[in-house]
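Take a look at the structure set out below.
In this note's numbering, the protein residues as written are 432 to 533.
Put into structure tokens, the structure is as follows:
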């Protein structure tokens, strides 16, 4: 789906990365619990969207990433927020255009 979103979408100058919860009360190991939020149980998703609301990239949060031993050392030094932003911005490849990220 990400490939289709990126194929048909025109990247805006203003981009936003945010997390969202999809309400789910059933049993599944991807389900998250976030205390104090309006939607406490569900799937956590991360999305890169433009100011027009178009979603260019999204990712379902499945817990800690499991990678090989060589990469773990590099990932452990970088904060989770930095990794999320870099992963979400991978489709944004136009070097001629400057983007404002919120």
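Glycine included, each C-beta is placed from N, C-alpha and C at the ideal position.
Within 7 Å, strictly: CB atoms of residue 515 and residue 477: For residue 515 and residue 477, yes; Cβs fall inside 7 Å.
Residue 446 versus residue 487 - alpha carbon distance: 9 Å
Environment of residue 504 [buried if 16+ CB atoms lie within 10 Å]: A caution first: residue 504 carries a pLDDT of 46, below 50, which makes its placement in the model unreliable, though a value can still be read off. The residue in question, residue 504, is exposed, as its Cβ has fewer than 16 Cβ neighbours within 10 Å.
Exposure label - residue 532; buried when at least 16 CB within 10 Å: exposed
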